[in-house]
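Undergrad: Please find one structure pasted underneath; my questions will follow.
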Amino acid sequence: MHTSDLFSAPPLDAKQQRMAQLCDVLQHHAHQYYVLDAPEVPDAVYDQWFQELQALEVAHPQWRRPDSPTQRVGGKPLDGFDTVRHAVPMLSIRTETDTESSGAQAFDTRVRKELELEPDATQVEYVTELKFDGLAMNLRYEAGILVQAATRGDGEYGEDVTQNIRTIGQIPLRLRASSALPVPDILEVRGEVYMRRDDFEALNERQRERIAQGERGEKTFVNPRNAAAGAVRQLDPAIAAARPLSFFAYGVGEVRGGVDVATHHELLLALKAWGFPVADLTATTLGAAGLVEFHQRIGSLRDTLPYDIDGVVYKVNKLALQQRLGFVSREPRWAVAHKYPAQEQLTTVLAIDVQVGRTGKLTPVAKLAPVFVGGVTVTNATLHNEDEARRKDVRVGDTVIVRRAGDVIPEVVAVVPESLASAQRGSLFTMPHVCPVCGSVAVREEDEADYRCTGGLFCSAQRKQAILHFAQRRAVEVEGLGEKLVDQLVDAGLIHTLPDLYRLGFTALAALERMADKSAQNVVDALEKSKETTLPRFLFGLGIRHVGEATAKALARHFGLIDALMDATMEQLLEVNDVGPTVAQSIRTFFDQAHNREVVEQLRACGIHWPALEAASDAPKPLAGLTFVITGTLPTLGRDAAKDLIEAAGAKVSGSVSKKTSYVLAGSEAGSKLDRARELGVAVIDEAALRQMLEEPT
Ligand code: IVH
732 MHTSDLFSAP
742 PLDAKQQRMA
752 QLCDVLQHHA
762 HQYYVLDAPE
772 VPDAVYDQWF
782 QELQALEVAH
792 PQWRRPDSPT
802 QRVGGKPLDG
812 FDTVRHAVPM
822 LSIRTETDTE
832 SSGAQAFDTR
842 VRKELELEPD
852 ATQVEYVTEL
862 KFDGLAMNLR
872 YEAGILVQAA
882 TRGDGEYGED
892 VTQNIRTIGQ
902 IPLRLRASSA
912 LPVPDILEVR
922 GEVYMRRDDF
932 EALNERQRER
942 IAQGERGEKT
952 FVNPRNAAAG
962 AVRQLDPAIA
972 AARPLSFFAY
982 GVGEVRGGVD
992 VATHHELLLA
1002 LKAWGFPVAD
1012 LTATTLGAAG
1022 LVEFHQRIGS
1032 LRDTLPYDID
1042 GVVYKVNKLA
1052 LQQRLGFVSR
1062 EPRWAVAHKY
1072 PAQEQLTTVL
1082 AIDVQVGRTG
1092 KLTPVAKLAP
1102 VFVGGVTVTN
1112 ATLHNEDEAR
1122 RKDVRVGDTV
1132 IVRRAGDVIP
1142 EVVAVVPESL
1152 ASAQRGSLFT
1162 MPHVCPVCGS
1172 VAVREEDEAD
1182 YRCTGGLFCS
1192 AQRKQAILHF
1202 AQRRAVEVEG
1212 LGEKLVDQLV
1222 DAGLIHTLPD
1232 LYRLGFTALA
1242 ALERMADKSA
1252 QNVVDALEKS
1262 KETTLPRFLF
1272 GLGIRHVGEA
1282 TAKALARHFG
1292 LIDALMDATM
1302 EQLLEVNDVG
1312 PTVAQSIRTF
1322 FDQAHNREVV
1332 EQLRACGIHW
1342 PALEAASDAP
1352 KPLAGLTFVI
1362 TGTLPTLGRD
1372 AAKDLIEAAG
1382 AKVSGSVSKK
1392 TSYVLAGSEA
1402 GSKLDRAREL
1412 GVAVIDEAAL
1422 RQMLEEPT
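Written as structure tokens, this is what we have:
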């Protein structure tokens, strides 16, 4: 060491001070990052401080604090978990299984009766919370430091999982103190450990890669709750740390000293101030009407939440009233869980069919014994592709878990283990190597999960889908040309290619079974009307692989004329915004085939036309760079018209509200998207405001 270093080296207690300071600073920034989702310093700066603290702790282990952020990860694998006796039992709550609004009404009625309130007495105040679908956890803090985390177990005895729980960034290792809110001597915080849906998907994706690489003992998880439970009960804390968990606080166990609150709402505010995440959607409300409103509002938001919930929870707000209500058979009378219809159910696989999509993609579909799940009766569930079907090992006769969350296509999550042992199982699924509809060869290209029928428009299944795609509202729109009619037309051999549609005529249509003259005339009129279209709609309608609505618009804007597009080279195609090599190649391949060019020519010859487009680059783009979401019914503009206007002004239109949304354009009867916008603080405008924005550049 240099002599000058010797002299400038700080005294040791300064190092100890620096360690304490780093602990505090890191704790603050971890809270900003994990709990508030509002980091104040770049990750690299945090890492730098973290490493500085780590180095100091290695040099001076005697000064390492138990709540140091370096202590989240680490430790050796355990042999098992110690049993912990809860200081205050972890009770469960009564579940209201009536998923209708009446379930909320019934709870309020019971509370009023127990409190002997007269019918005209004031309404009871409630806190309304989400019922998170995870694992209940008790976190014990002594003098503000996390000393123990335990699972609920049987309510009286749980398991000590401190080592794993410390790895959850959202859980403070030390309570945040402030002059307004001192830290209690003992505080047990209760809440739910859960896994976000996006974290769950990413974890399963990683697991799939591991399995594909032949790593032993790895498996994918059935749902976020199972994945969370697996992580919490992991004996190796290093593995637990790699499984992304989150936490919401909703109550307390043992509390000694320094907490002075009169309501559950105040308690939640205190938990927030001590550094715990409390769900933003938590609210206070009055009477049965308030509970019903919350149940309905959250019900419509449910599918858009980043995590799973299986219901909502109502709690009487005033702690004095909670005490008066007390308990019955180990359940509090002051709280209830009000469920939503389950998103997962069990049913039996009757058959596994293969469906042919518009681009020839073959999809295995499980035919199921009808089951009510996620609010509808489900009889089909996708198995995605051959690999998925084989990985999940779904077979005829199996009992399976079906999941339907929101508008997502129902899927088979897993086979229940008992089925796997049964001798009556069908055989392992294999994708047929010929198309089940037209008998053409089905091929699986390298690096692709899907088999495709090579029959093209020779395949009646592809032909039907191609016609439906062309006739849909967002393409050229032939009103009344639905699935049944297309089936009839193709099966009768009346339509081989798209232009055949326009050669049908009244006589051929009216001759079809179950087709009245009036309906036949309607179809003729609709076909006539569809001839007047736009270039983007026409391009989208052609069904070129990888060319969706947005790409069709970009292509139309760029080339202006369809002939220019049909003759464009790869280089020219790649000049278009958002067109990469895959899309460019697909367009080139499409127009290189003589029969596709012939279809375009013939459609034009049949009278399909569109207005010439203006040179795109000259038009002003007052909304460039912005993203809009449209919801509800607008006073004058149709949804498509509004979308066209917004896009023509350079902005994007998206289907769901996120933090990146610039504006939500709302009309009457706007639903969950509007709620979501308010929740995220996204600006909401009406049609008049949109029109103003279009006139004046922002
Ligand atoms: S309160 C005495 N609030 O649901 C009241 N529980 O049986 C104790 N849960 O095991 C529970 N979200 O895991 C409460 N906002 C919430 C909840 C919640 C989920 C779970 C918890 C408990 C079960 C209730």
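Be aware that the sequence shown starts at 732, since it is given in the working numbering, and climbs by one per residue.
Here a beta-carbon is modelled for each residue, glycine too, at the ideal position from N, C-alpha and C.
#1: Helix, strand or coil for residue 754 per DSSP?
#2: Looking at residue 1146 and residue 1127, is the spacing between their C-beta atoms short of 7 Å?
#3: I'd like the span of the beta strand (DSSP E) that includes residue 1069, first residue to last.
#4: Using 10 angstroms around the beta-carbon of residue 919, count the other beta-carbons present and answer buried if the total reaches 16, otherwise exposed.
#5: For the ligand IVH, is there any heavy atom lying closer than 6 Å to the beta carbon of residue 1063?
#6: Between residue 764 and the ligand IVH, is there a pair consisting of the residue's CB and a ligand heavy atom that are separated by less than 6 Å?
#7: Measure the alpha-carbon distance for residue 1119 versus residue 1050 and round it to whole angstroms.
#8: What three-state label does DSSP hand residue 1277 in the structure shown?
#9: Could you please give me the residues that DSSP links to residue 868 through a beta bridge?
#10: So is residue 869 buried or exposed if we call it buried at 16+ other beta carbons inside 10 Å?
#11: Does the Cβ of residue 1140 have 16 or more other Cβ atoms within 10 Å, making it buried, or fewer, making it exposed?
#12: List the whole-angstrom C-beta distance separating residue 953 from residue 881, where the pair is believed to meet the contact cut-off of C-beta under 8 Å.
#13: Can you tell me where the beta strand (DSSP E) holding residue 915 begins and where it ends?
#14: Excluding the 5 residues flanking residue 1148 on each side, which residues of the same chain have their C-beta closer than 7 Å to its C-beta?
#15: Which full runs of the alpha helix (DSSP H) of 4+ residues lie inside the stretch 1281-1353, going along the chain?
#16: Can you determine whether any heavy atom of the ligand IVH sits closer than 6 Å to the C-beta of residue 981, and answer yes or no?
#17: Quick one: give me the first and last residue of the alpha helix (DSSP H) that residue 1119 is part of.
#18: Considering only the beta carbon of each residue, do residue 1111 and residue 858 sit closer than 7 Å?
#19: Identify, in the order they occur along the chain, each residue of the same chain with its Cβ nearer than 8 Å to the Cβ of residue 1197, setting aside the five sequence neighbours on each side.
#20: Is any non-hydrogen atom of the ligand IVH found closer than 6 Å to the C-beta of residue 1066, if you look at the structure I gave you?
#21: Tell me whether residue 1404, by its Cβ, gets closer than 6 Å to a heavy atom of the ligand IVH.
#22: From this set, 957, 1235, 821, which residue's C-alpha is nearest residue 1144's C-alpha?
#23: Indicate the three-state DSSP secondary structure (helix, strand or coil) for residue 1031 in the structure shown.
#24: I'd like to check one pair, residue 972 with residue 893: are the Cβ atoms closer than 7 Å?
#25: Residue ranges of each beta strand (DSSP E) run of no fewer than 3 residues wholly in the stretch 937-1021, ordered along the chain?
#26: Nearest to residue 798 by CA position, among 1333, 876, 962, is which residue?
#27: Using DSSP bridges, identify the partner residues of residue 1263.
#28: Assess, as a yes-or-no matter, whether the stretch 1069-1083 is touched by the stretch 841-851 under the definition of 3 or more beta carbon pairs within less than 8 Å.
#29: Tell me the start and end of each unbroken alpha helix (DSSP H) in the stretch 801-868 that is at least 4 residues and wholly inside, in chain order.
#30: Around the C-beta of residue 930, are 16 or more other C-beta atoms found within 10 angstroms, so that it is buried, or is it exposed?
#31: To the nearest angstrom, report how far apart residue 965 and residue 890 are at their CA atoms.
#32: Report back the beta-carbon spacing between residue 1306 and residue 1044 to the nearest angstrom; my notes put them in contact at under 8 Å.
#33: For residue 1355, which of 1270, 1370, 1382, 1199 has the nearest alpha-carbon?
#34: With DSSP run on the structure shown, which of helix, strand or coil describes residue 1079?
#35: Only counting the same chain, and skipping five residues up and downstream in sequence, which positions put a Cβ closer than 6 Å to that of residue 841?
#36: Considering residue 1045, what are the terminal residues of the beta strand (DSSP E) in which it resides?
TA: Straight from the coordinates:
#1: Three-state result, residue 754: helix.
#2: Remark: C-beta atoms of residue 1127 and residue 1146 do not approach each other more closely than 7 Å.
#3: Unbroken beta strand (DSSP E) run through residue 1069: 1066-1070.
#4: The residue is buried, with at least 16 neighbouring Cβ atoms inside 10 Å.
#5: For residue 1063, the shortest separation between its Cβ and any heavy atom of the ligand IVH lies below 6 Å.
#6: The closest heavy atom of the ligand IVH lies 6 Å or more from the beta carbon of residue 764.
#7: Approximately 51 Å, taken between the alpha carbons.
#8: In this structure, residue 1277 counts as coil in the three-state DSSP scheme.
#9: For residue 868, which the question treats as bridged, DSSP gives the partners 882, 922.
#10: Residue 869 comes out buried.
#11: The residue in question, residue 1140, is exposed, as its Cβ has fewer than 16 Cβ neighbours within 10 Å.
#12: Not a contact, Cβ separation roughly 25 Å.
#13: Taken as a continuous stretch (DSSP letters only), residue 915 belongs to no beta strand (DSSP E), as it is neither H nor E.
#14: There are no such residues.
#15: Secondary structure remark: continuous alpha helix (DSSP H) runs of at least 4 residues inside the stretch 1281-1353, in chain order: 1293-1297, 1301-1305, 1312-1323, 1325-1336.
#16: Indeed, a heavy atom of the ligand IVH lies less than 6 Å from the Cβ.
#17: Residue 1119 -> alpha helix (DSSP H) spans 1117-1122.
#18: For residue 1111 and residue 858, no; Cβs fall outside 7 Å.
#19: Taken in chain order, the residues that qualify are 1089, 1188, 1229, 1274.
#20: Checking the Cβ of residue 1066 against the ligand IVH gives yes.
#21: The answer is no for residue 1404.
#22: Among 957, 1235, 821, the Cα nearest to that of residue 1144 belongs to 957.
#23: DSSP places residue 1031 in helix when its eight states are reduced to three.
#24: No, the pair does not count as a contact, with Cβ atoms beyond the cut-off.
#25: If we require 3 residues or more, the beta strand (DSSP E) runs fully inside the stretch 937-1021 come out as 977-987, 1014-1017.
#26: Put simply, of 1333, 876, 962 the residue whose alpha carbon is nearest the alpha carbon of residue 798 is 876.
#27: Looking at the DSSP assignment, residue 1263 forms a beta bridge with 1340.
#28: No: the two stretches stay apart, fewer than three of their Cβ pairs being nearer than 8 Å.
#29: With a minimum length of 4 residues, the continuous alpha helix (DSSP H) runs that stay inside the stretch 801-868 are 833-845.
#30: Residue 930 is buried by the Cβ-count criterion.
#31: Cα to Cα, residue 965 sits roughly 12 Å from residue 890.
#32: The Cβ separation is near 56 Å, so there is no contact.
#33: Of the candidates 1270, 1370, 1382, 1199, the one whose C-alpha sits nearest the C-alpha of residue 1355 is 1382.
#34: Reduced to three states, the DSSP call for residue 1079 is strand.
#35: A distance below 6 Å between beta-carbons, with the five flanking residues on each side excluded, links residue 841 to no residue of its chain.
#36: It spans 1040-1047 - the beta strand (DSSP E) in which residue 1045 sits, taken as one unbroken run.
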